[in-house]
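Data first, discussion second: the structure below is written as structure tokens.
In this note's numbering, the protein residues as written are 86 to 327.
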């Protein structure tokens, strides 16, 4: 396959356009008004059949807001999700190659169907664990199950064909991976360490300036001496009480 097939067909058209259309569709469905009523309250057969068909639609639409850049914990969790997802995708091709399974084999399709069903539940469990850690103190069973299955598949690939995994990558691909990892690490350090330290320093500096401005204001009014004495006495009383 050519490079343009990967970037144009796979990334931009298939994945990018599919993700965009899916997000717009979910946004439209979440804003749509639903009227829930019992089957026996509908008088026409056409209405009953329509109600039965709509029975298989979701009960409610939850708007997922991952906010990966809001905290270091959420950022690492999202990176872990991406890593597991990419590893599961790679296992699809590695297992077919190692176990000599043609693409049209029924086990390949069954595996993908299994991952779609179990992966959806696992993603919801991970989101609940990230969004409300006080209520969900432990990660869900399905999330642990998906991670264990993905790791087991990768161990099978290592056991039966370690030679394929140890083959050296082309130099330009290695450069791209190193550059991408360095950019991600640099952004992580800047966003969650340097940026936070800078904000804290600015906040402390602002508080000091406000305190200095208030002190100068008291002194310029002529009653600053009494105010400072009162504050000093109050602090001494607090120290004695403690």
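Yeah, the Cβ is synthetic: ideal placement off N, Cα and C, and Gly gets one too.
| Item | Value |
| --- | --- |
| Short Cβ contact (9 angstroms threshold) for residue 228 with residue 211 | yes |
| Whether residue 330 touches residue 173 by CB criterion (9 angstroms) | Outside the displayed range of the chain (86 to 327) lies residue 330, so it cannot be described from this structure. |
| Pick from 238, 293, 208 that is closest to residue 226, judged by C-alpha positions | 208 |
| Residue 172 - containing alpha helix (DSSP H), residue span | 157 to 183 |
| Status (buried if at least 16 other CB within 10 Å, exposed otherwise) for residue 201 | exposed |
| Three or more C-beta pairs below 8 angstroms linking the segment 150 to 161 and the segment 269 to 278 | yes |
| Three-way DSSP call (helix, strand, coil) for residue 309 in this model | Caution applies to residue 309, whose pLDDT of 49 falls short of 50 and renders its modelled position unreliable; the model cannot decide the point. |
| Neighbourhood of residue 246 by C-beta, 7 angstroms cutoff - its chain only, sequence neighbours within 5 removed | 183 |
| Distance between beta carbons of residue 235 and residue 169, contact taken as under 8 angstroms | 6 angstroms |
| CA nearest to the CA of residue 270, picked from 164, 231, 256 | 164 |
| 4-residue-minimum alpha helix (DSSP H) runs that sit fully inside the segment 169 to 254, ordered along the chain | 191 to 216, 226 to 245, 247 to 250 |
| Where residue 271 falls: helix, strand or coil (DSSP) | helix |
| DSSP state of residue 148 mapped onto helix, strand, coil | coil |
| Burial state of residue 180, where buried means 16 or more other Cβ atoms lie within 10 Å | buried |
| Residue 198, buried or exposed, once every other Cβ within 10 Å from all chains shown has been counted against 16 | exposed |
| Neighbourhood of residue 213 by C-beta, 6 angstroms cutoff - its chain only, sequence neighbours within 5 removed | 221 |
| Under the three-state DSSP convention, the category residue 129 falls into | coil |
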